[in-house]
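Visitor: First the structure, which I've put down as structure tokens, then a few questions once you've had a look.
There are 2 protein chains.
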Amino acid sequence: MELRDISRLLYQIKLADQRVATSFEKETGFSLTRYEMLMIVHDKGVCPQSEIQQTMKIDHAAITRHLKILEEKGYVRRERNTANHREVFVHLTDEAKHDLTSCEQDHDRSKHLITKVLSESEINQLSSLLQKLNQL
Amino acid sequence: MELRDISRLLYQIKLADQRVATSFEKETGFSLTRYEMLMIVHDKGVCPQSEIQQTMKIDHAAITRHLKILEEKGYVRRERNTANHREVFVHLTDEAKHDLTSCEQDHDRSKHLITKVLSESEINQLSSLLQKLNQL
DNA sequence: GTTTTACATTTGACGAGTCAACAATTGACT
DNA sequence: AGTCAATTGTTGACTCGTCAAATGTAAAAC
Numbered sequence: 000m001e002l003r004d005i006s007r008l009l010y011q012i013k014l015a016d017q018r019v020a021t022s023f024e025k026e027t028g029f030s031l032t033r034y035e036m037l038m039i040v041h042d043k044g045v046c047p048q049s050e051i052q053q054t055m056k057i058d059h060a061a062i063t064r065h066l067k068i069l070e071e072k073g074y075v076r077r078e079r080n081t082a083n084h085r086e087v088f089v090h091l092t093d094e095a096k097h098d099l100t101s102c103e104q105d106h107d108r109s110k111h112l113i114t115k116v117l118s119e120s121e122i123n124q125l126s127s128l129l130q131k132l133n134q135l
Numbered sequence: 000m001e002l003r004d005i006s007r008l009l010y011q012i013k014l015a016d017q018r019v020a021t022s023f024e025k026e027t028g029f030s031l032t033r034y035e036m037l038m039i040v041h042d043k044g045v046c047p048q049s050e051i052q053q054t055m056k057i058d059h060a061a062i063t064r065h066l067k068i069l070e071e072k073g074y075v076r077r078e079r080n081t082a083n084h085r086e087v088f089v090h091l092t093d094e095a096k097h098d099l100t101s102c103e104q105d106h107d108r109s110k111h112l113i114t115k116v117l118s119e120s121e122i123n124q125l126s127s128l129l130q131k132l133n134q135l
């Protein structure tokens, strides 16, 4: 395995990431990262930013900035934890819940692009390979 | 296939990209994109920027800026094509060739991180899956 | 032989991530 | 108490990508 081959492979990952993220955004109207963020908050109900950060494995600073934007759009509300003023609790607004479910429904009708190039089993393969990569 | 699952998968790709790109840079001292760029110029010998752009599938502007940096580092030289003054021809300097080969040799001794988490056949699987994704 | 039109590159403004420095708060140790 | 360290979040400076507008050149149309 030459360095050249590795570089080609990793560059393919980069390209795939870019394509896939922009096509997700076009289809759903949500940026991939912010959609993921909203869904995490949705699943956890109410949680401090640090928990989102650990789950998403993204920089603190990025979290702060995305949440600021989501707050401006009226998708989340943030309040200091009264029991620990260092923490900021985040939770979804009703508007967010509404928009997210309607987005899901829209999506059910028009299958996502990815299913046009990958079969179910290929998707599972890809997922498990990525999981291994993310152990690095 | 729910939208939620798709978002998780695509986010995994994003994370993998980030990890892998930074670890490549740490190991080799070259940014992944610029390494790829140098290797492409190496393979083609001398070529206009537009050719690099098509091969790498990256924005024109990014090409210009990377090449400016590589030029400052003394890794490439750029000259207008005298037969077509719109084009800029790019070619590697000897310094670049030297540094690249010594980088390859360093790498041969210490196997790349990726080979620690993926087998040869898994790498091939991954590559072909990504190829399909990049057809989007 | 001008005048469009197309092409190659550059530049500026922006989005999304990183890291590092900072502030505020909490908790622990004497 | 009172200091010192760790935690949480914010901000600023930077990188790397995008898009869109601007520049300069070549080719095509009339």
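Chains V and W supply the protein sequences, listed in that same order.
Residue numbering for the first sequence follows numbering that gives the first Met the number 0, starting at 0 and increasing by one per position.
Residue numbering for the second sequence follows numbering that gives the first Met the number 0, starting at 0 and increasing by one per position.
Ideal Cβ positions, reconstructed from N, Cα and C, are used throughout, including at glycine.
Here the structure is a predicted model, which is why all the values come from computation and not from measurement.
When you compare each of W:K13, W:H41, W:K25 and W:D98 to L129 of chain W by their alpha carbons, which one comes out closest?
Guide: Locating residue 129 of chain W in the second sequence gives position 130, where the first residue counts as 1. Among W:K13, W:H41, W:K25 and W:D98, the Cα nearest to that of L129 of chain W is on W:K13.
Visitor: Whole-angstrom Cβ separation of R79 of chain V and V89 of chain V, contact assumed at under 8 Å?
Guide: Start at 1 with the first residue of the first sequence, and residue 79 of chain V comes out as number 80. Start at 1 with the first residue of the first sequence, and residue 89 of chain V comes out as number 90. The pair is not a contact, with the Cβ atoms about 11 Å apart (cut-off 8 Å).
Visitor: Please name the residue, chosen from V:L9, V:H111 and V:R33, that lies closest to Y74 of chain V on a Cα-to-Cα basis.
Guide: Within the first sequence, the letter at position 75 stands for residue 74 of chain V. Measuring from the Cα of Y74 of chain V, the nearest candidate turns out to be V:R33.
Visitor: What is the residue span of the beta strand (DSSP E) that H41 of chain V lies within?
Guide: Along the first sequence, read from residue 1 onward, the residue named residue 41 of chain V stands at position 42. No beta strand (DSSP E) contains H41 of chain V, which is instead part of the alpha helix (DSSP H) from L31 to K43.
Visitor: Which residues bound the alpha helix (DSSP H) around H59 of chain V?
Guide: Numbered from 1 along the first sequence, position 60 holds the residue referred to as residue 59 of chain V. H59 to E71 is the span of the alpha helix (DSSP H), which, as asked, contains H59 of chain V.
Visitor: Start and end of the alpha helix (DSSP H) containing N123 of chain V?
Guide: If you number the first sequence from 1, residue 123 of chain V lands on position 124. Run containing N123 of chain V: E119 to L132, per the alpha helix (DSSP H) assignment.
Visitor: Using a Cβ-Cβ distance cut-off of 8 Å, determine whether Q52 of chain V contacts chain W.
Guide: As a position in the first sequence, residue 52 of chain V is number 53, starting the count at 1. Not one chain W Cβ lies under 8 Å of Q52 of chain V.
Visitor: According to DSSP, what are the bridge partners of V87 of chain V?
Guide: As a position in the first sequence, residue 87 of chain V is number 88, starting the count at 1. V:R79.
Visitor: Taking only beta-carbon atoms, is T92 of chain V less than 8 Å away from chain W?
Guide: Along the first sequence, read from residue 1 onward, the residue named residue 92 of chain V stands at position 93. With 8 Å as the cut-off, T92 of chain V does not count as an interface residue toward chain W.
Visitor: Contact between the region 83 to 98 of chain W and the region 58 to 75 of chain W: three or more CB pairs below 8 Å?
Guide: Contact holds: three or more Cβ-Cβ distances are below 8 Å.
Visitor: Measuring only the C-alpha atoms, how far is E183 of chain W from D107 of chain W?
Guide: With chain W running from 0 to 135 in the structure shown, residue 183 of chain W is simply not present.
Visitor: Beta-carbon separation of L112 of chain W and E50 of chain W under 8 Å?
Guide: By 1-based counting over the second sequence, the position of residue 112 of chain W is 113. By 1-based counting over the second sequence, the position of residue 50 of chain W is 51. Against a cut-off of 8 Å, the Cβ pair of E50 of chain W and L112 of chain W comes out as no contact.
Visitor: For T54 of chain V and M38 of chain V, I'd like the C-alpha separation in whole angstroms.
Guide: Indexing the first sequence from 1 puts residue 54 of chain V at position 55. Indexing the first sequence from 1 puts residue 38 of chain V at position 39. C-alpha separation (whole angstroms): 11 Å.
Visitor: Alpha helix (DSSP H) containing E26 of chain V: first to last residue?
Guide: Along the first sequence, read from residue 1 onward, the residue named residue 26 of chain V stands at position 27. Where E26 of chain V is concerned, the enclosing alpha helix (DSSP H) stretches over L2 to T27.
Visitor: Determine which residues of the region 121 to 132 of chain V have a Cβ less than 8 Å from any Cβ of chain W, and write them out in chain order.
Guide: The region 121 to 132 of chain V vs chain W, Cβ under 8 Å: E121, I122, Q124, L125, S126, L128, L129, Q130, K131 and L132.
Visitor: In angstroms with no decimal places, state the Cα-to-Cα distance between C46 of chain W and Y10 of chain V.
Guide: Against the second sequence, residue 46 of chain W aligns to sequence position 47. Against the first sequence, residue 10 of chain V aligns to sequence position 11. The alpha-carbon atoms of C46 of chain W and Y10 of chain V are separated by roughly 20 Å.
Visitor: Closest to Q134 of chain W by C-alpha separation, out of V:L91, V:Q134, V:L117 and V:S126, would be which residue?
Guide: As a position in the second sequence, residue 134 of chain W is number 135, starting the count at 1. Measuring from the Cα of Q134 of chain W, the nearest candidate turns out to be V:L117.
Visitor: So is L66 of chain V in contact with chain W if we call contact Cβ pairs under 8 Å?
Guide: For this step, residue 66 of chain V is matched to residue 67 along the first sequence. Closer than 8 Å: no.
Visitor: Report all residues from its chain with a CB closer than 7 Å to the CB of A20 of chain V; omit the five preceding and five following residues, and keep chain order.
Guide: Start at 1 with the first residue of the first sequence, and residue 20 of chain V comes out as number 21. Within the same chain, A20 of chain V has close Cβ partners L31.
Visitor: Taking the alpha carbon of V87 of chain W as the reference point, which residue from W:S101, W:S120 and W:Q52 has its own alpha carbon closest?
Guide: Your numbering for residue 87 of chain W matches position 88 in the second sequence. Of the listed residues, the one whose Cα sits closest to V87 of chain W is W:Q52.
Visitor: Name the chain W residues whose beta carbon is nearer than 9 Å to that of S6 of chain V?
Guide: Within the first sequence, the letter at position 7 stands for residue 6 of chain V. Chain W residues near S6 of chain V: F23, T27, F29, L31, Y34, E35 and M38.
Visitor: Can you grab the Cα-Cα spacing for the pair M36 of chain V / K43 of chain V, in whole Å?
Guide: The residue labelled residue 36 of chain V in the question sits at position 37 within the first sequence. The residue labelled residue 43 of chain V in the question sits at position 44 within the first sequence. So the two alpha carbons sit approximately 11 Å from each other.
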